[in-house]
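The structure appears right after this line, and notes come after that.
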Amino acid sequence: MTAKRVSLALPSKGLLADPTLSFLRTCDLKVHKLNPRQYTASIPSLPQVDVLFQRVRDIVYKIADGTVHLGITGLDVVMEHPSTELAVVHDNLDYGHCDLVMAVPETWIDVETMSDLVDISLDFREHKRRNLRVATKFTNLTRRFLHEQGVHHFTLVESEGALEAAPTLGYADIICDLTATGTTLRENHLKPLIDGVVLHSQACLVAHRTALAQPAVRETTRTLLELIDGAIQGHDYYSITANVCGQDAEEIAQRIAQNPLTRGLQGPTVAPLFAASTQSGEHWYAVTIVVRSKNLLDAIAHLRSAGGVQATVMPVRYVFLDKSPSDARLDALLNNTQDS
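Numbering that gives the first Met the number 0 puts the first residue of the sequence shown at 0, with every later residue one more than the last.
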């Protein structure tokens with residue numbers, strides 16, 4: 000049956016819950032929830048969407064079995080629980096960044112790399128007559144990574160509690176867990192291995208692959224991607240307007256465009272300031288450029304050197320390109336779905 004309503008699952012708790020609502024708000028997709036205890040909500044700007052709040056792991060399960068059409072969750076959970084019906088339509092929403100890492104006790108002073116861990120695992124096998132014990136919530140990712148790195152003598156200890164305490168409590172030797180800053184690891188006297196990053200993770204948008212073929216789900220997904228891409232790209236730009244005196248617009252535009260950093264996305268835009276002229280026949284113009292955030296101060300310096308004064312800077316909310324960068328991924332997913 001073709002769906003007319005589209006379901007979107009969002010994190011109900013945890014580190015992604017509040018940032019997800021804030022992120023959607025920056026995309027003009029504010030979530031309306033009647034009271035904090037409700038597990039349903041709406042998005043006024045997308046009236047066809049029903050919002051459901053779920054745990055990040057449950058979001059993956061519900062999308063995989065087709066209970067929910069779309070969802071925002073962590074890439075780590077998606078990669079840990081792969082499914083043929085689970086499609087990642089946007090793999091980086093630019094928040095919720097963390098790493099899944101291998102971490103060992105600080106007292107293991109000679110263990111810094113995965114190569115060292117290979118030696119340790121062989122030493123455990125030969126002298127202690129047992130495997131290296133690894134505590135983790137991500138058994139699939141951890142198992143695959145260890146085998147890829149040449150560590151074959153290990154036992155995974157699945158745990159849902161505070162993994163950082165596992166080596167101290169003695170039920171594991173090392174851990175594989177998520178970390179954003181490394182502070183919790185250090186506080187528990189653990190250190191990540193230099194080359195022990197299993198996965199770089201962040202918030203992502205996922206969909207039920209088959210449901211994407213339905214018009215309502217497909218068009219809602221395109222709308223989400225358009226707003227998400229526009230907002231994410233907008234975060235990386237500033238709009239600068241400065242007043243510049245010159246003979247004419249063409250001369251000023253050439254002067255500003257001498258520096259590649261101040262050409263912006265496309266421009267500059269030069270507009271006359273009416274009733275603003277000098278006795279020499281020169282006129283004042285408002286020059287507007289859109290530059291990357293990292294080039295802001297360089298752009299200001301160049302505008303000053305070109306005679307720019309009274310510069311004002313505004314953050315850019317959206318940058319919409321000729322086509323949403325995520326459209327290609329979505330088109331590929333749709334083509335694969337139709338072929339299968």
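Here a beta-carbon is modelled for each residue, glycine too, at the ideal position from N, C-alpha and C.
It should be emphasised that the depicted structure is a prediction, and the values quoted were computed from it without experimental measurement.
- DSSP places residue 61 inside the alpha helix (DSSP H), whose first and last residues are 55-63.
- As DSSP reads the structure, residue 8 sits in a beta bridge with 51 and 70.
- The Cβ neighbour count for residue 319, taken over all protein chains shown within 10 Å, is under 16; the residue is labelled exposed.
- In this chain, the beta strand (DSSP E) harbouring residue 153 covers 153-157.
- In this structure residue 204 touches residue 92 by the C-beta definition: roughly 7 Å separates them, less than 8 Å.
- In this structure, the beta-carbon distance from residue 114 to residue 70 does not fall below 9 Å.
- Annotation: residue 260 is outside any beta strand (DSSP E) and is labelled neither H nor E by DSSP.
- In this structure, the beta-carbon distance from residue 243 to residue 302 falls below 9 Å.
- From the listed residues 233, 323, 97 and 19, the smallest Cα separation to residue 224 is found for 323.
- For the 9 Å CB-CB criterion, residue 241 and residue 180 do not form a contact.
- The region 157-171 and the region 73-86 do not touch, with fewer than three beta-carbon pairs separated by less than 8 Å.
- The beta carbons of residue 45 and residue 222 sit about 7 Å from each other, so the pair counts as a contact at 8 Å.
- For residue 108, the three-state secondary structure derived from DSSP is coil.
- DSSP assignment within the region 292-333 yields the following whole alpha helix (DSSP H) runs of 4 residues or more, N-terminal first: 295-304.
- Taken through DSSP and simplified to helix, strand or coil, residue 137 comes out as coil.
- Counting along the chain, residue 88 sits inside the beta strand (DSSP E) bounded by residues 85-89.
- In the three-state DSSP reduction, residue 290 falls in the strand class (E or B).
- Runs of the alpha helix (DSSP H) spanning 4 or more residues and lying entirely within the region 158-215 occur at 165-168 and 182-186, in chain order.
- Contact annotation: the region 161-172 does not touch the region 12-30, with fewer than three C-beta pairs closer than 8 Å.
- For residue 239, no alpha helix (DSSP H) segment is defined; the enclosing uninterrupted segment is the beta strand (DSSP E) at 236-245.
- Comparing alpha carbon positions, the residue from 239, 175 and 231 closest to residue 140 is 175.
- Here residue 98 carries a strand assignment [DSSP, helix/strand/coil].
- A straight-line Cα-Cα distance of about 19 Å links residue 48 and residue 329.
- Linking residue 35 to residue 234 through their CA atoms gives a straight-line distance of about 29 Å.
- Across the set 183, 269, 188 and 253, the C-alpha of 183 shows the shortest separation from the C-alpha of residue 97.
- Taking a contact as a CB-CB distance under 8 Å, the pair residue 89 and residue 325 counts as one, their CB atoms being some 5 Å apart.
- Scanning 306, 109, 264 and 297 for the CA closest to the CA of residue 283 turns up 306.
- For a cut-off of 8 Å, the C-beta gap from residue 163 to residue 198 is around 18 Å, too long to register as a contact.
- Rounded to whole angstroms, the gap between the alpha carbons of residue 53 and residue 16 is 10 Å.
- In the displayed model, residue 132 falls within a strand according to three-state DSSP.
- Collapsing the DSSP output to three states places residue 272 in a strand.
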